[in-house]
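In what follows, a single structure is set out as structure tokens and then discussed.
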Amino acid sequence: MGKRSCRWLLLAVGLAGLAAIVSAAETTVRRTWKVDGIEREGLVHVPANATTQPVPIVFAFHGHGGSMRQAARSFALHTLWPEALVVYLQGLNTPGKLTDLEGRRAGWQHDRGEQGDRDLKFFDVVLADLRKAYRIDGRQVYAMGHSNGGIFTYLLWAARGDVLAAVAPSGAAAPRLLRLLQPKPMLHVAGKADPLVKYDWQRQTIDAVLKLNQAGPGVAWPHGGKLHASKIGAPVVDWTHPGGHEFPAAARSAIVTFLQSHARPEN
0 MGKRSCRWLL LAVGLAGLAA IVSAAETTVR RTWKVDGIER EGLVHVPANA
50 TTQPVPIVFA FHGHGGSMRQ AARSFALHTL WPEALVVYLQ GLNTPGKLTD
100 LEGRRAGWQH DRGEQGDRDL KFFDVVLADL RKAYRIDGRQ VYAMGHSNGG
150 IFTYLLWAAR GDVLAAVAPS GAAAPRLLRL LQPKPMLHVA GKADPLVKYD
200 WQRQTIDAVL KLNQAGPGVA WPHGGKLHAS KIGAPVVDWT HPGGHEFPAA
250 ARSAIVTFLQ SHARPEN
């Protein structure tokens with residue numbers, strides 16, 4: 000095969016892959032819910048078989064100042080795991096802890112009791128509604144998010160951990176929530192050069208979860224980072240990268256692979 004033919008073949012493969020991603024992205028639809036009289040919204044990807052057989056569900060939360068559409072593009076979990084029902088929820092204007100102290104941009108509550116627990120209630124309403132509409136596998140309910148969305152993922156772990164099978168926070172630290180956590184499989188994405196949520200802060204959170212989960216020394220994981228096996232079935236993946244506060248595209252497949260590997264034990 001000549002060089003020109005090889006170039007055309009690579010271009011065709013690349014375009015086919017891009018077309019597949021665009022096609023999958025078009026499978027998200029906007030949904031709305033009323034929570035304490037306020038209309039909340041999200042983008043939802045629903046697998047074709049969601050009404051006929053149990054499907055996993057993944058909640059994904061954007062960072063402070065982000066949006067559900069930006070999250071769907073950045074995380075793109077539904078393009079890698081189309082068999083899962085994936086929910087990209089939209090936050091409301093929220094005072095930030097490190098930036099936007101006036102609360103002019105969208106985000107999530109950081110702790111229990113903040114903002115009348117509006118976002119915990121939002122999660123509850125959406126999960127209950129989707130359980131009525133589709134056959135959600137109760138053993139495969141997951142949460143992930145970046146930055147402020149990562150903190151909210153930790154908050155869900157603390158406040159709604161009984162329904163979650165595994166979590167994947169990114170670019171987040173949650174020292175005040177650690178005492179409320181129960182052991183659970185976790186993949187944490189952290190940037191060594193993060194200028195906003197300092198790596199040292201995230202390191203302290205990761206180390207605390209390693210101790211909580213009774214996880215051992217880390218070994219190289221084929222999907223990046225280090226896998227820490229757990230004596231109690233709650234492994235931890237420390238997915239540290241050399242970058243800053245951005246959500247790395249390479250973390251997408253790692254998160255999907257990790258979540259797919261963990262379901263809650265049968266009662």
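Residue numbers (numbering that gives the first Met the number 0): 0 to 266.
We put the beta carbon where it would ideally sit given N, CA and C, even for glycine.
Shown here, Gly144 sits in a strand according to DSSP, grouped into three states.
Fewer than three beta-carbon pairs drawn from the region 96-103 and the region 68-88 are found closer than 8 Å, and the two stretches are therefore not classed as touching. The closest CA to that of His261, considering only Pro241, Pro55, Ala71, Ala59, is found on Pro55. Your pair Val28 and Val43 checks out as a contact, with CB atoms roughly 6 Å apart and the cut at 8 Å.
Proximity of the region 168-185 to the region 220-228 falls short of the contact definition, fewer than three beta-carbon pairs being nearer than 8 Å.
C-alpha of Gln181 to C-alpha of Ala233: approximately 10 Å in a straight line.
Under the 10 Å beta carbon count, Gln52 is surrounded by fewer than 16 other beta carbons and is classified as exposed. Taking 8 Å as the cut-off, the beta carbon of Val125 is found no closer than this to the beta carbon of Gly217. Across the structure, Ala105 and Ile37 are spaced so that their CA atoms are roughly 15 Å apart. For Ala192, same chain residues with a beta-carbon under 7 Å away, outside a window of 5 residues either side, are Pro241, Gly242, Gly243 in chain order. Secondary-structure assignment with DSSP links Val85 through a beta bridge to His44, Val57.
Annotation: the continuous alpha helix (DSSP H) that includes His77 extends over 76-79. Annotated three-state conformation of Ile135 is strand, per DSSP.
The C-alpha of Ala228 lies about 23 Å from the C-alpha of Leu155. Taking 8 Å as the cut-off, the beta carbon of Ala157 is found closer than this to the beta carbon of Leu179. Residue pairing from DSSP places Asp237 in a beta bridge opposite His187, Lys225. A distance below 8 Å separates the beta carbons of His61 and Gln69.
Within the same chain, Ser169, Trp238, Ala250 come within 6 Å of Val188 by CB-CB distance, once the 5 residues on both sides are set aside. In this structure, the beta-carbon distance from Gly64 to Trp107 does not fall below 8 Å. Looking at the DSSP output, Leu91 shares a beta bridge with Gly106.
If the five residues before and after Ile150 are omitted, its C-beta is found closer than 6 Å to the C-beta atoms of His109, Ala171, Ala173, all from its own chain and listed in chain order. Taking Ser73 as the centre and dropping the five residues before and after it, the same chain places the C-beta of Phe246 closer than 7 Å to its C-beta, in chain order. The C-beta of Lys210 has fewer than 16 other C-beta atoms within 10 Å across all chains shown, which makes the residue exposed. If you check the CB distance, Arg134 and Ala49 come in under 8 Å. Arg263 and Asp161 have their C-alpha atoms roughly 9 Å apart. The beta carbon of Val166 is closer than 6 Å to those of Ala142, Thr152, Trp156, Met185 in its chain, skipping five residues each way along the sequence.
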